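Using the working numbering, read the sequence shown as starting at 65 and increasing by one per residue.
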Amino acid sequence: MVHALRFPNGYDAVIASSDLDGDGVIDSAAEVDMALMAGDAVDEGVVKYFVCPVIKVPASR
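This is the structure in structure tokens:
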């Protein structure tokens, strides 16, 4: 599932409160959770569903 996020205080506020590893982006589940708990990100709900199929890789010879 893909969720839309809204940043009511701006993306800079999200980075300031939730960028746990200091790399300038929110790029982990822990950082997203932190932003949601801080109120700097708001989950707007599911916007897309998709299925990731299992693709079998042929055995090596």
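Glycine is no exception: its CB is placed at the ideal position from the N, C-alpha and C atoms.
All values reported here derive from a predicted model rather than from experimental measurement.
Cβ-Cβ separation, residue j to residue i (assumed contact under 8 Å), whole Å
i       : j      : result
Val-111 : His-67 : 7 Å
Cβ neighbours of residue i in the same chain (closer than 8 Å, five flanking residues each side left out)
i       : result
Ser-59  : It is not possible to answer for residue 59, since the shown part of the chain is limited to 65 through 125.
Ile-138 : With the chain covering 65 to 125 only, the question about residue 138 has no answer from this structure.
Per DSSP, cross-strand counterpart(s) of residue i
i       : result
Val-110 : His-67
Cβ neighbours of residue i in the same chain (closer than 6 Å, five flanking residues each side left out)
i      : result
Leu-69 : Ala-105
Asn-73 : Asp-104
Tell me the start and end of each unbroken alpha helix (DSSP H) in the segment 71-98 that is at least 4 residues and wholly inside, in chain order. 75-82
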